[in-house]
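To start, the structure itself, in structure tokens.
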Amino acid sequence: MTATETRPTTPAPDPGRRAGELNALEALRFAWRQLTSMRTALVLLLLLALAAVPGSLIPQERVDSLKAGQWKEAHETLTPIYEKLGLFNVYGSPWFAAIYILLVVSLVGCIVPRTLVYARGMRAQPPRAPRHLTRLPAHTAYVSSEAPDVVLARARAVLGRRHRLRADAGDGTVSAERGYLREVGNLLFHLAVLVVLLGFALGSLFGYKGGVILVTGTPWSNTLTQYDDFVPGSLFSPTRLNPFSFTVDDFDIQWLQSGPRAGQARGFNAKLEYAEGAGADQGPEKDYDLRVNHPLSIGDTDLFLIGHGYAPVITVRDGAGNKVYSKPTVFLPQGPDFFSFGVVKAQDAQPAGIGLEGFLYPTYANVDGNPVNLNGDDLNPVISMKVYTGDLNMDTAQSVYVLDKSKADTVPGQPGLDTLRIDLSPGQTVELPNGLGSVSFDGIESWQRIQISQTPGKWIALAGVILALLGLMGSLFIRSRRLWVRVTPTDHGSLVEVAGLDRSGGADTDDVVSKLVARLQPSPDDRPEDT
Amino acid sequence: MTDLQWADLSNQAIAAAGVVYFLALIAYFAEWSSLRQVDRAREAARSSSYAGAGSVAVATGPERPAVDEPRTDRVAMFGRLALLLLGIANAVHFVGLVSRGMSADPNRVPWSNMYEFTISGTFVVALIFLLVQRRWGLSWLGPIVVGFVLTLLMVSVIWLYDSTGPLPEALNSPWLVIHVVSAVLATGAFTIGGMTSAVYLLKRRRAGKPETGIWARVPSLDRLDLVSYRIHSFAFPIWTFAVLITGPIWAHQAWSSYWSWDPKEVWAFITWVVYAAYLHARTTAGWKGRNAAILALVGTATLWFNFIGINYFSTTSQHSYAGAVPAISTVAPAATTIGG
Chain A
593 MTATETRPTT PAPDPGRRAG ELNALEALRF AWRQLTSMRT ALVLLLLLAL
643 AAVPGSLIPQ ERVDSLKAGQ WKEAHETLTP IYEKLGLFNV YGSPWFAAIY
693 ILLVVSLVGC IVPRTLVYAR GMRAQPPRAP RHLTRLPAHT AYVSSEAPDV
743 VLARARAVLG RRHRLRADAG DGTVSAERGY LREVGNLLFH LAVLVVLLGF
793 ALGSLFGYKG GVILVTGTPW SNTLTQYDDF VPGSLFSPTR LNPFSFTVDD
843 FDIQWLQSGP RAGQARGFNA KLEYAEGAGA DQGPEKDYDL RVNHPLSIGD
893 TDLFLIGHGY APVITVRDGA GNKVYSKPTV FLPQGPDFFS FGVVKAQDAQ
943 PAGIGLEGFL YPTYANVDGN PVNLNGDDLN PVISMKVYTG DLNMDTAQSV
993 YVLDKSKADT VPGQPGLDTL RIDLSPGQTV ELPNGLGSVS FDGIESWQRI
1043 QISQTPGKWI ALAGVILALL GLMGSLFIRS RRLWVRVTPT DHGSLVEVAG
1093 LDRSGGADTD DVVSKLVARL QPSPDDRPED T
Chain B
256 MTDLQWADLS NQAIAAAGVV YFLALIAYFA EWSSLRQVDR AREAARSSSY
306 AGAGSVAVAT GPERPAVDEP RTDRVAMFGR LALLLLGIAN AVHFVGLVSR
356 GMSADPNRVP WSNMYEFTIS GTFVVALIFL LVQRRWGLSW LGPIVVGFVL
406 TLLMVSVIWL YDSTGPLPEA LNSPWLVIHV VSAVLATGAF TIGGMTSAVY
456 LLKRRRAGKP ETGIWARVPS LDRLDLVSYR IHSFAFPIWT FAVLITGPIW
506 AHQAWSSYWS WDPKEVWAFI TWVVYAAYLH ARTTAGWKGR NAAILALVGT
556 ATLWFNFIGI NYFSTTSQHS YAGAVPAIST VAPAATTIGG
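These protein sequences, in sequence, are chains A and B. All residue numbers for the first sequence refer to this note's numbering, where the first residue is 593 and numbers rise by one. All residue numbers for the second sequence refer to this note's numbering, where the first residue is 256 and numbers rise by one.
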């Protein structure tokens, strides 16, 4: 802020103190005045806008933890600095909070006194006409041949319809004011902002957001241990989980078979069977079509379908012929054609652990010797996996979607490749060399990613924004102004002075004054016009 | 008509609209140069009245005998022509939008990727200008509006073009219509408000210089400030509705969270805050006028950065409409850690 503002905050200087010295109370009052001034609010608003920027450019842990992790790996020197500054969690960082808390304090400090002023001013009469109407920014005067009383009566009639008139204006003047609700709108808007913040805070403190990837047909019930990932608010308690269970019975995908987006999914539908309650209290089974833009609400909990993919059923037998791994394995799509990546970890295999890592081609084709994927639909699924053996480092915490190869051995395979690659169609089995065992691709299933969350306070937040919008419209579109008419008798009739003062900052007051003058003219049949 | 024919029609209509916008721009420039000639003729008339048969004027103007009247007629004629061409271009532009929607199977609103958003946004800018130019006395803004629309239209055709296709699942919702219509409408109005604010600042810098040519038609500083404020106060509630009401409602339905600090959301919020600051600044001593106009320009910059730029700077936005990656199918689950 470069502009200086002098305020008469300090009374006459105390002889015992030097000029400019403030005692604690005065300093506090000075700080409060500074904080609640419009100028500070403005600077804080701009700071808030500025502070929000880094969060949109640096991956945020709360928004996309995967991207944030990748970014951290790629930027070794910046990461510790950014972490200290909280740049991976901007919107939860203390400095971001500091700005909006100061803004809220400034807002409250501004709104409360204004509400009191408004409450007093609500029933107040329009002020008396200033002595010199010509000093107002919008004013005019004309001479009328009519008697002063006639002009005044007409002015009262014209202005009285949409303005409040001063009762005791007397002595040849009319004072009128309109737009009292403008300030109500303004106050409503600012109070509603607080309501929105309240709703938002409730959601982030008491709510949670969790997700689970389920292979079609797997039953699921709403307890903490069943979630793949779970992000609770800081005041969330697990007792708030609604008891319910569901199973995705069937999953339909419509594929685009023509046009420029051929091979991509157009729509998908998870047919859900769910029941509220748990154990003895379990309610009747119900069906629901869970789709994008079509979530299911059970109690306070919302269920969303936010992703899907393929889970090839892979069986691994070890050297002794024992089944050491056999289940649908979730492969993560790498793009809209559902070319997907996945891993298999069979650490318990004998004589050595077996790890697989590779890709799924939903519609495999061999074009000029290169494997390509033609379609997202599983028309000709092929898995192409690299084989590793030995220690898969399963003692350390790790993602189920990543194979830790740091201690694993490679398996001699095709020329040009560092390790053996096996390509399998459904129903095929490949024997691994060195008596390691065998791998079978038994079939393909689909998985869905279901997001499950509670957002308390969402209706409060919504009500808040709607109130804010109404208040905003009131404060922007209700015209608030004062108008005065003074009539002085002259020899041949009257001198009429008209002046206006715009209090809303967006009005063309000259125009208003000239329209008022037009309406003050006698109409042909000498009746006051009311338009 | 087949979808392919509709798609061709759309592309041709957008190209034709671009050409007609260009003609409108030329007509505006012709109007502008005629205005300068009027000024020169006035100057010449003034000097010739002092110096008898003015040799200077003869040297500059080939149509010396022509006095003010035909020249001002010409100004008005070019002005009307430009407006007419702008109207035609906008109508053709509309045909381009409708046929773009018709080219998809099933037919849909033309708002599913950056190309379509940009051709819709520019259409609305030109349309709003056509609707309010008489009422708010903005006809002098014509060349700027047309220049802006033409530039963005070229950008969208050259860099943002994307072939037509059905709506991605995530966009397939009635909220698409409500959310995008309000966002695009506010964007169009804010853009015009940004232009009047820019002209306000330029005019302020010129303070004292003679008001010739196009400047003679630009209203007074107070009036410019007032018009800018009215445009912004029209757009701000619509932006609030788009960004803070319909956006969160839809986000809650489609993405499971009504506000998730997605980069597009963040920038929409930043834009909202900047315009809120503009509205406050206009009533704050020391911020009125110049600083408020600068804030309005900052607002326009954040608005268009959000509209186009953020898609290229941020990789995490769920608003990335790039045809290649529909947000829904590739949601990578948070790395799940299972020990042992």
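For each residue, glycine too, the CB sits at the ideal point set by N, CA and C.
C-alpha gap between residue i and residue j, whole angstroms
{"i": "B:Asp258", "j": "B:Ala359", "result": "6 Å"}
{"i": "A:Leu1068", "j": "A:Val1104", "result": "17 Å"}
{"i": "A:Met714", "j": "A:Gly777", "result": "13 Å"}
{"i": "A:Ala633", "j": "B:Ala540", "result": "13 Å"}
{"i": "A:Val696", "j": "B:Ala438", "result": "27 Å"}
{"i": "B:Ala551", "j": "B:Thr446", "result": "9 Å"}
{"i": "B:Ala262", "j": "B:Ile269", "result": "11 Å"}
{"i": "A:Cys702", "j": "A:Arg621", "result": "14 Å"}
{"i": "A:Gly762", "j": "A:His782", "result": "38 Å"}
{"i": "A:Thr1080", "j": "A:Val1088", "result": "7 Å"}
{"i": "A:Leu1024", "j": "A:Asp983", "result": "17 Å"}
{"i": "A:Glu769", "j": "B:Asp477", "result": "24 Å"}
{"i": "B:Gly309", "j": "B:Pro474", "result": "Its pLDDT being 40, under 50, B:Gly309 is placed unreliably in this model, and the coordinates cannot settle the point."}
{"i": "A:Ala747", "j": "B:Arg485", "result": "29 Å"}
{"i": "A:Val1109", "j": "A:Leu757", "result": "17 Å"}
Endpoints, the alpha helix (DSSP H) within which residue i is located
{"i": "A:Asn778", "result": "Tyr772 to Phe798"}
{"i": "B:Ala556", "result": "Arg545 to Trp559"}
{"i": "B:Gly397", "result": "Gly397 to Ile413"}
{"i": "B:Gln508", "result": "Gly502 to Trp510"}
{"i": "A:Lys999", "result": "Per DSSP, A:Lys999 belongs to no alpha helix (DSSP H) and is neither H nor E."}
{"i": "B:Phe445", "result": "Pro429 to Arg460"}
Contact belief for residue i with residue j at Cβ below 8 Å, rounded distance in angstroms
{"i": "B:Leu456", "j": "B:Ala548", "result": "5 Å"}
{"i": "B:His487", "j": "B:Tyr533", "result": "6 Å"}
{"i": "A:Gly771", "j": "A:Arg1095", "result": "7 Å"}
{"i": "B:Leu396", "j": "B:Asn345", "result": "Not confirmed; about 15 Å, so no contact."}
Top-ranked residue by Cα proximity to residue i, from the options
{"i": "B:Glu424", "options": "A:His782, A:Trp847, A:Thr839 and A:Leu642", "result": "A:Trp847"}
{"i": "B:Glu298", "options": "B:Phe491, B:Gly468, B:Tyr484 and B:Ser475", "result": "B:Gly468"}
{"i": "A:Ser1086", "options": "A:Tyr692, A:Ser736 and A:Ser1017", "result": "A:Ser736"}
{"i": "A:Val592", "options": "A:Val1057, A:Arg720 and A:Leu1075", "result": "Within the shown structure, residues of chain A are numbered from 593 to 1123, placing residue 592 of chain A beyond reach of any answer."}
{"i": "B:Val246", "options": "A:Gln626, A:Arg631, A:Leu638 and A:Gln939", "result": "Past the edges of chain B, shown from 256 to 595, lies residue 246 of chain B, and the structure says nothing about it."}
{"i": "A:Val823", "options": "A:Ser1115, A:Ala1091 and A:Ile1044", "result": "A:Ile1044"}
{"i": "A:Leu1054", "options": "A:Leu658, A:Glu665 and A:Ala784", "result": "A:Ala784"}
{"i": "A:Gly968", "options": "A:Gln990, A:Ser850 and A:Tyr674", "result": "A:Ser850"}
{"i": "A:Arg1073", "options": "A:Ala730, A:Ala666 and A:Leu679", "result": "A:Ala730"}
{"i": "A:Thr907", "options": "A:Ile898, A:Tyr917 and A:His900", "result": "A:Tyr917"}
{"i": "A:Asp741", "options": "A:Thr1082, A:Ala1091, A:Arg1095 and A:Ala1110", "result": "A:Thr1082"}
{"i": "A:Ser826", "options": "A:Tyr800, A:Arg756, A:Thr981 and A:Ser648", "result": "A:Tyr800"}
{"i": "A:Leu948", "options": "A:Asn962, A:Gln990, A:Asp996 and A:Asp929", "result": "A:Asp996"}
{"i": "A:Pro718", "options": "A:Trp1076, A:Ala1099 and A:Leu794", "result": "A:Trp1076"}
{"i": "A:Arg973", "options": "A:Pro954, A:Asp929 and A:Ser991", "result": "A small fix is needed here, since residue 973 of chain A is Pro in this sequence, not Arg. The shortest C-alpha separation from A:Pro973 is found at A:Pro954."}
{"i": "A:Pro830", "options": "A:Leu816, A:Asp842 and A:Phe838", "result": "A:Leu816"}
N-terminal and C-terminal residue of the beta strand (DSSP E) that residue i is part of
{"i": "A:Asp879", "result": "Lys878 to Leu882"}
{"i": "A:Trp663", "result": "Unbroken run through A:Trp663 is the alpha helix (DSSP H), Ser657 to Ala666; no beta strand (DSSP E)."}
{"i": "A:Arg1041", "result": "Gly1029 to Gln1046"}
{"i": "B:Met256", "result": "Counting along the chain, B:Met256 falls outside any beta strand (DSSP E), and DSSP gives it neither H nor E."}
{"i": "A:Lys1124", "result": "Missing from the structure shown is residue 1124 of chain A; chain A here goes from 593 to 1123 and no further."}
Near the ligand NAP: residue i beta-carbon under 6 Å from a heavy atom
{"i": "A:Val743", "result": "Summarising the ligand content, the structure contains no ligands, and the ligand NAP is consequently not present."}
Under 8 Å (Cβ pairs) to chain B, residues found in the segment 919-940 of chain A: Leu924, Pro925, Gln926, Gly927, Pro928 and Phe930
Residues from the segment 495-522 of chain B in contact with chain A, defined by Cβ distance under 9 Å: Thr495, Phe496, Leu499, Ile500, Pro503, Ile504, Trp505, His507, Gln508, Ala509, Trp510, Ser511, Ser512, Tyr513, Trp514, Ser515, Trp516, Asp517, Pro518, Lys519, Glu520, Val521 and Trp522
Residues from the segment 442-475 of chain B in contact with chain A, defined by Cβ distance under 7 Å: none
Under 9 Å (Cβ pairs) to chain A, residues found in the segment 328-355 of chain B: none
Residues, ordered as in the chain, of the segment 355-369 of chain B that lie near chain A by beta-carbon distance below 8 Å: Asp360
Residues from the segment 418-432 of chain B in contact with chain A, defined by Cβ distance under 7 Å: Ser418, Gly420, Pro421, Glu424, Ala425, Asn427 and Ser428
Interfacial residues, the segment 888-907 of chain A to chain B, with Cβ spacing under 9 Å: Asp894, Leu895, Phe896, Leu897, Ile898, Gly899, His900 and Gly901
Chain B contacts from the segment 822-842 of chain A (Cβ-Cβ distance under 9 Å): Val823
Contact list for the segment 525-539 of chain B against chain A, Cβ threshold 7 Å: Ile525, Val528, Val529, Ala531, Ala532, His535, Ala536, Arg537, Thr538 and Thr539
Residues of the segment 1027-1047 of chain A whose Cβ lies closer than 8 Å to any Cβ of chain B, in chain order: Arg1041, Gln1043, Ser1045 and Thr1047
Members of the segment 717-748 of chain A near chain B, C-beta cut-off 8 Å: none
Proximal residues, the segment 1071-1097 of chain A versus chain B, C-beta separation under 7 Å: Gly1097
Selection of the segment 671-691 of chain A by Cβ proximity to chain B, strictly under 9 Å: Val682 and Tyr683
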